[in-house]
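Counting in the working numbering, the sequence shown runs without a single skipped number right up to 515 at its last residue. Using N, Cα and C, we set each Cβ at its ideal position, and we do this for glycine too. Model, not experiment: these values are computed from the prediction.
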Amino acid sequence: MFNSVKTQKDIKMFLDRTNSLHDGYIVGVQYLNNGISSIGDEYSFNPEETKLILRILVTSICDTLIEIEFKNLLEWQIKDSQWDITDTTVIINEKHWIVWADNTYSNEEEMKKSSYAIAKSMKWRVVE
């Protein structure tokens, strides 16, 4: 069962239950864009039909596999440096976008040095 992230309470629950993804490793990435369609010689782009699915192995909670799904993506980047995730940031910004990063950060420039996603929705689950 997926858990939606819409409020500060949801963010706290995500960070608590996933141990902030501490000692986590990105083991799977899937990006889908079903929002591109052609009209004659032109193309239409609908970001509402984008989806990013991350699978993260969290070794600090008995090798638990966490799946995170983002929809309606504004921007995203995955960096595979083979280093473990030591902390995670999740915020809802002033424009009501959900921002996730695989590190702590204090500004956008720092965030862009790591893996991150900015989307209209985020949900997560423990993969059984």
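Cβ neighbour criterion (16 or more within 10 Å) applied to residue i
{"i": "Asp489", "result": "buried"}
{"i": "Phe389", "result": "exposed"}
{"i": "Ser502", "result": "buried"}
{"i": "Ile426", "result": "exposed"}
{"i": "Trp511", "result": "buried"}
{"i": "Trp487", "result": "buried"}
Per DSSP, cross-strand counterpart(s) of residue i
{"i": "Gly422", "result": "Its beta-bridge partners do not exist; DSSP assigns none."}
{"i": "Lys438", "result": "Leu419, Lys458"}
{"i": "Ser391", "result": "Lys510"}
{"i": "Leu452", "result": "Leu444, Val514"}
{"i": "Tyr492", "result": "Looking at the DSSP assignment, Tyr492 forms no beta bridge with any residue, so it has no partner."}
{"i": "Ser377", "result": "Given that the chain is displayed from residue 388 to residue 515, the structure contains no residue 377 and the question cannot be resolved."}
{"i": "Val486", "result": "Ile478, Ile505"}
Residues near residue i in its chain [Cβ-Cβ closer than 8 angstroms; skip 5 each side]
{"i": "Ile423", "result": "Tyr430, Ser431, Phe432, Asn433"}
{"i": "Lys499", "result": "Gln464"}
Nearest-angstrom beta carbon gap, residue j and residue i [assumed within contact, 8 angstroms]
{"i": "Ile443", "j": "Val477", "result": "So it is not a contact: roughly 13 angstroms between Cβ atoms."}
{"i": "Val392", "j": "Ile485", "result": "6 angstroms"}
Same chain, Cβ closer than 6 angstroms to residue i, neighbours up to 5 away in sequence not counted
{"i": "Ser407", "result": "Asp474, Thr475"}
{"i": "Thr446", "result": "Asp410"}
{"i": "Val514", "result": "Leu452, Glu454"}
Proximal residues to residue i (C-beta, below 7 angstroms), its chain only, five neighbours per side dropped
{"i": "Asn359", "result": "Absent from the model: residue 359. The displayed extent of the chain is 388 to 515, so no value can be given."}
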